[in-house]
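First up is the structure itself, then whatever we jot down about it.
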Amino acid sequence: MEAINVSQLSNSFLLQLNRDLAKEMKGDVVFIKCALYPPLDDEFRVVTEEMKRGRKRKKDELIVILETMGGIMETVERLVAVMRAYYRHVSFVIPNYAYSAGTVLALSGDKILMDYYSVLGPIDPQYRESDGNSVPGYGYLAKYKEITLTINESDDLSKCRAELAYLVKRFDPALLFHIEQGIEHGITLISEWLPKYKFKDWKVTKSTGRKVTAKMKKERATVIAKTLGNAAKWHSHGRGISMRDLRGSEIKLLIDDFGSDPNLSIKIKNYHGLAVDFFSSTRGYIHSRLGIRRVL
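Per this note's numbering, the sequence shown runs over residues 6 to 301.
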């Protein structure tokens, strides 16, 4: 008989941690740790269909543990389409961070769970350079505006040779359009998803007890989306927006604090921590009760 090895033991323990958390939260649990680019959407569809196919009694609850630096809105939209095709209720758990397009994905949920350490980020779509690295789009857009402002305000273009040369060599109008559309796409998705899912049980205002209308939900969602879409306000792509910020007077989002439940907190942290540590050499993956599915 072959002796058990560390890999088998860790995989077995991760599956048990997934089952424990699924039992605690009464749903199917998946952990997505990946940039939000294709083929993540294709791989997630396969995992979801296999999970539903293997169930004798179907569950209506999906719990997504999410950790991502972001990606593109088209992938986010397809992920949400898969989730909503198979589950009535979707919760997002953010043990560490979900930036950019990851924020938009989290805001598609009926519920968001964070603790004091968790952060979301401003809506700042990324693009891939020729070397495969992802670069925040807002930084590209901001630099373009800075250079064009310098040129436009100069009364002597000979003083702007460096800016002109850089503009001609490095900036791509098609990419600028793509980035601007990505930001607007994110705002549109949040404005659509918040009223439909997270605000669905919002019946009266907290301060006045006034009945909440569909128009009020839409207006509130748009304000939140534009606030998160103003990357200049948050100063950088990687700036964390904490649970406290999200709950604050400007954004006013209902965020559940999983840290307030010690039993749930330890289950989330154990599962998330072991997966991140054990699969540290894997760039992107989905983990579920079916095991790991590598994406990148």
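Quick reminder that beta carbons are idealized off the backbone N, C-alpha and C, glycines included. Owing to the predicted nature of the structure, the values given are computational and were not obtained by experimental measurement.
To the nearest angstrom, report how far apart Arg36 and Ile273 are at their CA atoms.
Checking the displayed sequence, the identity of residue 36 turns out to be Phe instead of Arg. Taking the straight line joining both Cα atoms gives about 10 Å.
For Tyr121, does the count of other Cβ atoms within 10 angstroms reach 16, so buried, or fall short, so exposed?
Classification for Tyr121: exposed.
Helix, strand or coil for Gly214, going by three-state DSSP, please let me know.
Gly214: coil per DSSP, three-state reduction.
Backbone secondary structure at Gly126 - three-state DSSP:
Coil, per DSSP.
What's the C-alpha gap between Ile68 and Ile99?
About 11 Å.
In whole angstroms, give me the CA-to-CA distance for Leu112 and Ile271.
It is roughly 24 Å from the alpha-carbon of Leu112 to the alpha-carbon of Ile271.
Phe36 - DSSP class collapsed to helix/strand/coil
DSSP places Phe36 in strand when its eight states are reduced to three.
Look at the Cβ atom of Gly309, then the Cβ atom of Ala106, and state whether they are nearer than 7 Å.
Because residue 309 is not part of the residues shown, which for the chain are 6 to 301, the question remains open.
Leu118 and Ile246 closer than 7 Å at C-beta
Cβ distance not < 7 Å, so Leu118 and Ile246 don't count as in contact.
Where does the unbroken alpha helix (DSSP H) through Ile9 begin, and where does it stop?
Careful: Ile9 lies outside any alpha helix (DSSP H) and carries neither H nor E.
Go ahead and pull the three-state DSSP assignment for Met78.
Under the three-state reduction of DSSP, Met78 is assigned to helix.
Between Thr248 and Ser123, what straight-line distance do the alpha-carbon atoms span, to the nearest angstrom?
Note on residue identity: the sequence assigns Met, not Thr, to residue 248. Their Cα atoms are separated by approximately 7 Å.
Tell me the rounded alpha-carbon separation between Gln186 and Tyr132.
Rounded to whole angstroms, Gln186 and Tyr132 show a C-alpha spacing of 12 Å.
Using a Cβ-Cβ cutoff of less than 6 Å, which residues in the same chain neighbour His242 once the five nearest sequence positions on both sides are dropped?
Low local confidence applies: a pLDDT of 49 at His242 is under 50, so the model's placement there is unreliable, with the coordinate-based value given in what follows. The answer, listed in chain order, is Asp129, Pro141.
Close Cβ partners of Thr287 (< 7 Å) along its chain, the five nearest in sequence each way excluded
Arg299.
When you compare the CB positions of Val41 and Val81, do they come within less than 7 Å of one another, or not?
Note that residue 41 corresponds to Leu in the displayed sequence, not to Val. For the pair Leu41 and Val81, the CB atoms are nearer than the 7 Å cut-off.
Bridge-paired residues (DSSP) for Gln131
Partner(s): Pro141.
From Leu295 to Asn275, what distance separates their C-alpha atoms?
Going by the C-alpha atoms only, they are around 18 Å apart.
Using the Cα positions of Ser265 and Asp177, report the straight-line distance between them to the nearest angstrom.
If you draw a straight line from the Cα of Ser265 to the Cα of Asp177, it is about 48 Å long.
Cβ neighbours of Asp160 in the same chain (closer than 7 Å, five flanking residues each side left out):
Result list for Asp160: empty, nothing under 7 Å.
Run of the beta strand (DSSP E) containing Arg299, from where it starts to where it stops:
296-299 is the span of the beta strand (DSSP E), which, as asked, contains Arg299.
Going along the chain, which residues of its own chain have a beta-carbon closer than 7 Å to the beta-carbon of His190, five neighbours each way excluded?
Cβ-Cβ distances below 7 Å link His190 to Met78 in the same chain, with the five nearest sequence neighbours on each side left out; the list follows chain order.
If you draw a straight line from the C-alpha of Thr73 to the C-alpha of Lys28, how long is it?
If you draw a straight line from the Cα of Thr73 to the Cα of Lys28, it comes to about 25 Å.
Beta carbon of Ile188 nearer than 7 Å to that of Ile229:
Result no, Cβ atoms of Ile188 and Ile229 do not sit closer than 7 Å.
Using the three-state DSSP reduction, which class does Phe97 fall into: helix, strand or coil?
Looking at Phe97 - three-state DSSP - the assignment turns out to be strand.
Going straight from the alpha carbon of Ile184 to that of Lys203, what length do you get?
If I take the Cα positions, the gap works out to 27 Å.
Is DSSP giving Thr287 helix, strand or coil here?
Three-state DSSP puts Thr287 in coil, outside helix and strand.
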